Every structure is written in structure tokens, then in C-alpha cells.
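These notes concern the structure reproduced below.
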Amino acid sequence: MPRQAREKSKSGIYHIILRGTNKQIIFEEEEDKVKFIETLNDYKEKSGYKIYAYCLMGNHIHLLIQEGKEELGIVMRRIGASYVYWYNWKYQRCGHLFQDRYKSETVDDDSYFLTVVRYIHQNPLKAGLVNDISNYRWCSYNEFVEKKVITDIDFALNMFSKDRENAMEAFKAFHNEMNNDICLELEHKRRLTDDEAIKIIKKTCSTINCQELQCFEPETRSKYLKDLKEQGLSTRQLERLTGISRMIILKA
Numbered sequence: 009m010p011r012q013a014r015e016k017s018k019s020g021i022y023h024i025i026l027r028g029t030n031k032q033i034i035f036e037e038e039e040d041k042v043k044f045i046e047t048l049n050d051y052k053e054k055s056g057y058k059i060y061a062y063c064l065m066g067n068h069i070h071l072l073i074q075e076g077k078e079e080l081g082i083v084m085r086r087i088g089a090s091y092v093y094w095y096n097w098k099y100q101r102c103g104h105l106f107q108d109r110y111k112s113e114t115v116d117d118d119s120y121f122l123t124v125v126r127y128i129h130q131n132p133l134k135a136g137l138v139n140d141i142s143n144y145r146w147c148s149y150n151e152f153v154e155k156k157v158i159t160d161i162d163f164a165l166n167m168f169s170k171d172r173e174n175a176m177e178a179f180k181a182f183h184n185e186m187n188n189d190i191c192l193e194l195e196h197k198r199r200l201t202d203d204e205a206i207k208i209i210k211k212t213c214s215t216i217n218c219q220e221l222q223c224f225e226p227e228t229r230s231k232y233l234k235d236l237k238e239q240g241l242s243t244r245q246l247e248r249l250t251g252i253s254r255m256i257i258l259k260a
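The numbering used here applies: residue 9 is where the sequence shown begins, and numbers increase by one.
Right, dumping it as C-alpha cells:
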């Protein structure tokens, strides 16, 4: 069946989720996140888009972006292809990293725009990664609070007040409000503890201990590793619990 055409935003602003294929990890190290942010910045001038908010999570990315000289599809292909080329070179892998079709929704009114900004910034908080948004390095919240790097902060802050000091206070208060914001259809799952992960490995692979997975035939082992990643086990967790090298897990 043909894919449904994406809804076109009147404002040119979209909330985007870019996700790892089979929910796999797309940022193994801090360097990877730095590289993705650099990629976003590199294409801003070439493609003419604006970034209003972003958040890099383990296996997915949130962007609030406004089209410029190029349409959204071209922009996302540029960003994705550039990062995947570098990622595959770094980890000596080949093939797809991102799902072939990113998720997107239109953002056409001020109220929902601010809701999406807050939703993106609160991703790490709701995922249990930090107790305070300002402690998470890989989202645009601190670009609003401290300094501008790649995010166009004026558009959002001006919705609160033309006075920058008042705008910042209102911006922080808005982010601290209790809410049940839901944007797009990606639920945030709590990280599995090692005890939970061990039980999943033993049950999925029918083994007495996790290290037995090393002795499986490569094709069978890859099948199980792929299944385990889809159940929420991270690459680092699998490497630590099974003793299988990261490169083998990433290629599975």
C-alpha cells in the first residue's frame, strides 16, 4: 500500500522524531551526540532551517524545526545521511541506522508550539535520566537558559515576554509546571535494571546464564541479540551481561 502523504504545516514548523531502526541505540558515546549536533548546525545555513528545540536520547531524537530553503524531507535526508556515514565509519558497520520514515507532526499555533518545546525538554526527566532538566546536556533547554548555540531561542521566549529577563523566568516556570503533555506516539520506557535484563536474556534465549549466548551459532546469536534490543536492552547492557563485543551487537 502507498504511504500516506504527510500533513503540510501552514507555519512550516514540525515536531520530528528520528528513531533508530529496530529501536537500536544511535548514540553510543558522547562524541556521537556532539557529532549529531555539529551536523544539525552544519546544515542550518545550507538548508535554511531553524531549530527551536531538540533532545538527543539513547535511541531517538526529537527536533522542533522550521523549514527554510529546502523542504523537510530533503533536510532530514541530508542530516540522516551525513550522520550515518560518519557513524558507520566510526563503528566499522554498514547498513541503516535510522528507521526509514521519521515521524512528524505539524505545529501551527503558539500554544501547541510551547507544549512541544516543553515536551521535548522534559524527555530525559520523564525517562528518569535526570531529576532536573538543566542537568541533561543533550537537549536545548540550557541553550535557552545559558547561551545560544544552535537553537533559535528568541521565537519561543518572545511568546512569554518581550523583556528577556521576564521571559526567562516565565520560560523556567512553564517547564516546571506539572503536566501530561503527549506529543506524537512515542512512549518513554524506563531503563531496564541489570536484574530485569538478565531475566529477559535467560527467558528469551533459554539459557542458564547470560554468557552462554557467546557459544551460539552466529546467525542464531544475531537473531537473539536483535530480539533483546527490541525488548529494551541497550548495547552496553548486552555487552556487559553477555560478554559479547559491542561490534557484534551493533551488527545484529
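Glycine is no exception: its CB is placed at the ideal position from the N, C-alpha and C atoms.
Keep in mind it's a predicted model, so treat the numbers as computed, not measured.
Between His23 and Leu72, is the Cβ-Cβ spacing less than 7 angstroms?
yes
Bridge-paired residues (DSSP) for Cys218:
Bridge partners of Cys218: none, in fact.
Any contact between the segment 163 to 181 and the segment 205 to 221? By contact I mean 3 or more CB pairs, one from each, below 8 angstroms.
no
Any idea what DSSP makes of Arg229, helix, strand or coil?
helix
Tell me the start and end of each unbroken beta strand (DSSP E) in the segment 32 to 71 that is at least 3 residues and wholly inside, in chain order.
58 to 64
Range covered by the beta strand (DSSP E) that runs through Lys111:
Lys111 to Thr114
Looking at the structure shown, is Phe179 part of a helix, part of a strand, or coil, going by DSSP?
helix
Would you be able to state if there are at least three C-beta pairs under 8 angstroms between the segment 41 to 57 and the segment 152 to 160?
yes
Taking the DSSP output, what are the residues bridged to Gln74?
Ile21 and Lys58
At least three beta-carbon pairs within less than 8 angstroms, the segment 34 to 41 to the segment 50 to 58:
no
In angstroms with no decimal places, state the Cα-to-Cα distance between Leu221 and Thr215.
8 angstroms
Gly88 by DSSP, collapsed to three states: which one?
helix
Count the C-beta pairs between the segment 106 to 113 and the segment 14 to 28 that are closer than 8 angstroms, then say yes if the count reaches three, no if not.
yes
With distances taken from CA atoms, which of Tyr95, Val115 and Ile21 is nearest Glu78?
Ile21
Taking only the alpha-carbon atoms, compute the straight-line gap between Lys259 and Glu36 and give it to the nearest angstrom.
13 angstroms
With DSSP as the reference, label Gly103 as helix, strand or coil.
coil
Closest by C-alpha distance to Lys52, when choosing among Ile82, Lys170, Asn67 and Gln32:
Ile82
Please report how far the alpha carbon of Glu195 lies from the alpha carbon of Gly76, in whole angstroms.
A caution first: Glu195 carries a pLDDT of 49, below 50, which makes its placement in the model unreliable, though a value can still be read off. The straight-line gap from Cα to Cα measures roughly 30 angstroms.
Here's a check: name, in chain order, each residue in its chain whose Cβ is nearer than 6 angstroms to the Cβ of Cys223, leaving out the five neighbours to either side.
none
Quick check on Ala61: buried or exposed, where buried means 16 or more other Cβ atoms within 10 Å of its Cβ?
buried
Starting from the C-beta of Trp94, find all residues in its chain whose C-beta is less than 7 angstroms away, skip the five residues before and the five after it, and write them out in chain order.
Lys43
Measure from the alpha carbon of Arg126 to the alpha carbon of each residue in Ser19, Met255, Arg85 and Asn188, then state which is nearest.
Asn188
Where does Thr201 land, buried or exposed, given buried means 16+ other C-beta within 10 angstroms?
exposed
Pull the bridge partners of Arg27 from the DSSP assignment, please.
His68
Given Leu192 as reference, the closest of Ile87, Lys170, Met186 and Ser112 once Cα atoms are compared
Ser112
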